[in-house]
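**Student:** Can you keep this structure in mind? I'll have questions shortly.
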Amino acid sequence: AQSVTQLDSQVPVFEEAPVELRCNYSSSVSVYLFWYVQYPNQGLQLLLKYLSGSTLVKGINGFEAEFNKSQTSFHLRKPSVHISDTAEYFCAVTARDDKIIFGKGTRLHILP
Amino acid sequence: KAGVTQTPRYLIKTRGQQVTLSCSPISGHRSVSWYQQTPGQGLQFLFEYFSETQRNKGNFPGRFSGRQFSNSRSEMNVSTLELGDSALYLCASSPEGLQNPGNTIYFGEGSWLTVV
Chain D
1450 AQSVTQLDSQ VPVFEEAPVE LRCNYSSSVS VYLFWYVQYP NQGLQLLLKY
1500 LSGSTLVKGI NGFEAEFNKS QTSFHLRKPS VHISDTAEYF CAVTARDDKI
1550 IFGKGTRLHI LP
Chain A
3 KAGVTQTPRY LIKTRGQQVT LSCSPISGHR SVSWYQQTPG QGLQFLFEYF
53 SETQRNKGNF PGRFSGRQFS NSRSEMNVST LELGDSALYL CASSPEGLQN
103 PGNTIYFGEG SWLTVV
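Protein chains in written order, with this note's numbering: chain D, 1450 to 1561; chain A, 3 to 118.
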């Protein structure tokens, strides 16, 4: 079975500053990793996913994440955040033929 | 192309009642999955339906059930409601389902259930 841990429940960051949202997973098999974003009063939207291949994955809205197998991490980064990035971000893991497991979420607060 | 549509968006029920939530997937998508989101437990997978068959199930009691119709529309039912069932219930659809991680899952805006 898989599990995923988002290390920070809230992250405050100044506008135009860089941000990293941390995600660690555990699994005994090969995994697929995802980052989703949830804007207030909306459903989830896929930011990016890692299935295989290049460990650096680029997503929408300028976000990217790096898959690190040795550290079992999949941290999300953005070099310069905007007020519109205010949202909750979820890391998720799944394996083939298994259910998807979400982290508890990280609220990103953009400070003016 | 219309997105995933969930109805109703908001509802209030009393303990002991039952509730049915509806989800219309994106046209052509055969998989519908359901999730419960609460502040304490976060986002948890309930179950997935694919071509009218339940394909996978999360760790929820039997009070939570679902079904999928031939047009891929899905309903979720919760019987004998408890206060702890208050949550945002999200539905998602995808062409081939969760068994193919390469699929993108598209979420609806959710149904807010309050149990009083």
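Positions of the beta carbon are idealized from the N, C-alpha and C atoms, including for glycine.
Fair warning: this is a prediction, and the values are worked out from it, not measured in the lab.
Here's the rule: buried if 16 or more other CB atoms are within 10 angstroms of the residue's CB, otherwise exposed. What is F47 (chain A)?
**Tutor:** For the purposes of this step, residue 47 (chain A) is taken as residue 45 along the second sequence, with counting starting at 1. With 16 or more other Cβ atoms within 10 Å, it is buried.
**Student:** Between the C-alpha atoms of S1479 (chain D) and T16 (chain A), what's the straight-line distance to the nearest angstrom?
**Tutor:** Within the first sequence, numbered from 1, the residue matching residue 1479 (chain D) stands at position 30. Within the second sequence, numbered from 1, the residue matching residue 16 (chain A) stands at position 14. Each residue's Cα considered, the two are about 44 Å apart.
**Student:** Give me the residue from D:L1560, D:A1541, D:A1514, D:T1543 with the minimum Cα distance to V1530 (chain D).
**Tutor:** Locating residue 1530 (chain D) in the first sequence gives position 81, where the first residue counts as 1. Comparing Cα-Cα distances from V1530 (chain D) to each of D:L1560, D:A1541, D:A1514, D:T1543, the minimum goes to D:L1560.
**Student:** From the beta carbon of E190 (chain A), is the nearest beta carbon of chain D less than 8 Å away?
**Tutor:** The requested residue 190 (chain A) does not occur in the structure, where chain A is confined to residues 3 to 118.
**Student:** If you drop the 5 nearest sequence neighbours on each side, which residues of the same chain put their C-beta closer than 8 Å to that of S1452 (chain D)?
**Tutor:** Counting from 1 along the first sequence, the entry for residue 1452 (chain D) is found at position 3. Same-chain partners within the cutoff: Y1474, S1475, S1476, V1542, I1550.
**Student:** Examine chain A for any beta-carbon lying closer than 8 Å to the beta-carbon of D1534 (chain D), and answer yes or no.
**Tutor:** Your numbering for residue 1534 (chain D) matches position 85 in the first sequence. Cβ-Cβ to chain A under 8 Å: no for D1534 (chain D).
**Student:** Between D:L1500, D:S1519, D:T1535, which lies nearest to V1460 (chain D) when the distance is taken from Cα to Cα?
**Tutor:** Residue 1460 (chain D) sits at position 11 when you count from the first residue of the first sequence. For the residues D:L1500, D:S1519, D:T1535, the minimum Cα distance to V1460 (chain D) belongs to D:T1535.
**Student:** Compare the C-alpha of Y1485 (chain D) against each of D:G1508, D:V1468, D:G1502, D:F1463 and name the closest.
**Tutor:** On the first sequence, residue 1485 (chain D) is found 36 positions in, with the first residue counted as 1. That would be D:G1508, whose Cα lies nearest to the Cα of Y1485 (chain D).
**Student:** At a Cβ threshold of 8 Å, is D1546 (chain D) touching chain A?
**Tutor:** To locate residue 1546 (chain D), count along the first sequence from 1; it is residue 97. It does; some Cβ of chain A falls within 8 Å.
**Student:** Please report how far the alpha carbon of R1471 (chain D) lies from the alpha carbon of T1504 (chain D), in whole angstroms.
**Tutor:** Taking the first sequence and counting its residues from 1, the one referred to as residue 1471 (chain D) is at position 22. Taking the first sequence and counting its residues from 1, the one referred to as residue 1504 (chain D) is at position 55. For R1471 (chain D) and T1504 (chain D), the distance between alpha carbons rounds to 16 Å.
**Student:** Which residues in chain A sit within 8 Å of L1500 (chain D), going by Cβ to Cβ distance?
**Tutor:** Within the first sequence, the letter at position 51 stands for residue 1500 (chain D). Those within 8 Å of L1500 (chain D) in chain A are P103, G104.
**Student:** Are the region 10–25 of chain A and the region 1513–1525 of chain D touching by the rule of at least three beta carbon pairs closer than 8 Å?
**Tutor:** Contact between the region 10–25 of chain A and the region 1513–1525 of chain D is absent, because fewer than three Cβ pairs lie under 8 Å.
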